[in-house]
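Listed in order, the protein sequences are those of chains A and B.
Take 1 as the starting number for the first sequence in our numbering and just add one per residue.
Take 1 as the starting number for the second sequence in our numbering and just add one per residue.
Idealized CB from N, CA, C, for every residue including glycine.
Computed from a prediction, not measured in an experiment: that's the story for all the values here.
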Amino acid sequence: MAVSSISPTLFPSSTIPNPSSPKPRLTFLSTSSPLSFNPLKLPTHSLKLSQFTTKTFAAPEDLQKIPEVGASEVPTASSVTIEADKAAPKQKIQIKLRSYWVPLIEDSCKQILDAARTTNAKMMGPVPSPTKKRIYCVLKSPHVYKDARFHFEIRTHQCLIDILYPTAQTIDSLMQLDLPAGVDVEVKL
Amino acid sequence: MGQKINPLGFRLGTTQSHHSLWFAQPKNYSEGLQEDKKIRDCIKNYVQKNMRLSSGVEGIARIEIQKRIDLIQVIIYMGFPKVLIEDRPRKLEELQTNVQKELNCMNRKLNIAITRIGNPYGHPNILAEFIAGQLKNRVSFRKAMKKAIELTEQADTKGIQIQIAGRIDGKEIARVEWIREGRVPLQTIGAKIEYCSYRVRTIYGVLGIKIWIFIDEE
């Protein structure tokens, strides 16, 4: 897991040696969601990213309070490695934002970009990935009437931001950031 | 006429906003949902229990929940926040400890805030509780509905529709009664319509109250 997370281009290198490994992951995901209709439409590259990302971005308050001691939910290994590897040239931070609401994600993107821009770090701008739709189909009636149904969907919007050559300053300002509640952030080094 | 769709769900993308703001991976989505339900039930039960003592209508309009990684923020929109604001710190803290015990999670802080709504009778949940109280006291249903509409007139709305279904006046045969004031355009998605469906338990059975309030047109 650690080897593959360092190389930024995961896709070609990981598919060749074990072509069968993505498949069981695909079916696992599709059976876990009870009534979703498009298991095969999930784009494979995002699948692999979700396989390999093990670290979640910790909330700024949490990290400030518990700097070195490991808490149950906060993987402080990430903060330790950030400080350690800041001088390495090929190091970059990949931030992945996920949300159900478009204006929230746009807001968060802007905040992160501003924070990184003020500290002069080179970055690849917000790259929106395709929106994932999970569709649930339920029967309308409590008994009988199989033909009357109701479709609901959950749309997940994704946005990728790359920060190359991160300095300790950028990392500090990113930790300070308080993103709105409905956005899920994943940080990968 | 066929079945009517819930106007809140119909307008979710446009004029209606979500009451719960959080993101969860599909694996953890059901847990988040159950937590939300527990929080809402806990708050409603607590307010109902303590309402007996102070009397009057305690109206909870809606409960907004925002979840971050380390913090759960709950905002309660109330019409008459008497119960929770009278002895200010005590009741709120009691509520907070209650909810935290329900949730069983010590790694996330819980924060409960209360917001007062201007024009409480412009919100269907509070109105429904008012009508429910009246029906329980065996007031004639038509009087109760008309009184509710009068209250709404003061609160500046453009239209209201009230429907009561069940054993009205304790009669054996159940029926559906409804009245409407102003206009309530349910087919217009751009119209802001607040809706509430409320259950009253009387000695004769359960009555269902549905209220549609037309607030504004964009």
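If you drop the 5 nearest sequence neighbours on each side, which residues of the same chain put their C-beta closer than 8 Å to that of residue i?
i                      : result
residue 100 of chain A : 154, 155, 156, 157 and 182
residue 125 of chain B : 59, 60, 61, 62, 196 and 198
residue 189 of chain B : 10, 11, 14 and 15
residue 109 of chain A : 97, 126, 159 and 161
Helix, strand or coil, according to DSSP, for residue i in the structure here?
i                      : result
residue 184 of chain B : coil
residue 184 of chain A : strand
residue 137 of chain B : coil
residue 115 of chain A : helix
residue 171 of chain B : coil
residue 158 of chain B : coil
residue 28 of chain B  : coil
residue 109 of chain B : strand
residue 17 of chain B  : coil
residue 178 of chain A : coil
residue 23 of chain A  : Note on residue 23 of chain A: pLDDT 45, under 50, position unreliable in the model; no value is reported.
residue 3 of chain B   : coil
residue 189 of chain A : coil
residue 39 of chain B  : helix
residue 66 of chain B  : strand
residue 179 of chain B : strand
residue 189 of chain B : coil
residue 34 of chain B  : helix
residue 100 of chain B : helix
residue 39 of chain A  : For residue 39 of chain A, the pLDDT reaches just 47, beneath the cut-off of 50, and the residue's location in the model is therefore unreliable, leaving the point undetermined.
residue 47 of chain B  : helix
residue 152 of chain A : strand
Output needed for residue i: all residues of its chain with C-beta closer than 6 Å, excluding positions within five of it in sequence on either side, in chain order.
i                      : result
residue 150 of chain A : 138 and 140
residue 127 of chain A : 160
residue 113 of chain B : 75
residue 165 of chain B : 176 and 208
residue 178 of chain B : 163
residue 64 of chain A  : With a pLDDT of only 49 at residue 64 of chain A, under the threshold of 50, the placement of this residue in the model should not be trusted; the figure read from the coordinates follows. Around residue 64 of chain A: no qualifying Cβ.
residue 200 of chain B : 132, 135 and 207
residue 152 of chain B : 121 and 160
residue 20 of chain B  : 36 and 65
residue 211 of chain B : 124, 127, 128, 162 and 196
Could you spell out the range, first to last residue, of the beta strand (DSSP E) harbouring residue i?
i                      : result
residue 208 of chain B : 205-217
residue 126 of chain A : 122-139
Could you name the residues of the same chain whose beta carbon sits closer than 7 Å to that of residue i, not counting the 5 residues immediately before and after it, in chain order?
i                      : result
residue 116 of chain B : 78 and 81
residue 42 of chain B  : 98, 99 and 102
residue 46 of chain B  : 95 and 98
residue 144 of chain B : 131, 134 and 135
residue 40 of chain A  : Here residue 40 of chain A scores only 45 on pLDDT, less than 50, and its place in the model should not be relied on; the value that follows carries that caveat. Same-chain partners within the cutoff: there are none.
In the DSSP output, what is residue i paired with across the bridge?
i                      : result
residue 120 of chain B : The partner list for residue 120 of chain B (beta bridge, DSSP) is empty, contrary to what the question assumes.
residue 173 of chain A : Residue 173 of chain A pairs with nothing; no bridge assigned.
residue 194 of chain B : B:213
residue 191 of chain A : Examination of residue 191 of chain A is not possible in this model, given that chain A is present from 1 through 189 alone.
residue 78 of chain B  : B:60 and B:116
residue 71 of chain B  : B:109
residue 142 of chain B : Answer is none; residue 142 of chain B lacks a bridge partner.
residue 148 of chain B : Partner(s): none; residue 148 of chain B has no beta bridge.
residue 92 of chain A  : A:164
residue 132 of chain B : Answer by DSSP bridge pairing: none, since residue 132 of chain B is not bridged.
Please report the residue range of the alpha helix (DSSP H) in which residue i lies.
i                    : result
residue 7 of chain B : 7-10
Closer than 9 Å, CB to CB, is residue i near chain E or not?
i                      : result
residue 168 of chain B : No chain E is part of this structure, whose protein chains are labelled A and B.
If you measure beta-carbon to beta-carbon, which residues of the region 6-27 of chain B are closer than 7 Å to chain A? 21, 22, 23, 26 and 27
Which residues of the region 174-185 of chain A have a Cβ closer than 7 Å to any Cβ of chain B? Give them in chain order. 181, 182, 183 and 184
What are the residues of the region 159-190 of chain B that lie near chain A, defined by any Cβ-Cβ distance shorter than 8 Å? Listed in sequence order: no entries.
Pull out every residue of the region 65-84 of chain B whose Cβ sits closer than 8 Å to any Cβ of chain A, in chain order. Within the region 65-84 of chain B, the residues whose Cβ lies closer than 8 Å to any Cβ of chain A are, in chain order, 66, 67, 68, 69, 70, 71 and 73.
Chain B contacts from the region 93-105 of chain A (Cβ-Cβ distance under 7 Å): 98, 99 and 100
Within 7 Å of chain B by C-beta, residues of the region 138-163 of chain A in sequence order: none
Select from the region 106-125 of chain A all residues with a C-beta closer than 9 Å to any C-beta belonging to chain B, and list them in chain order. none
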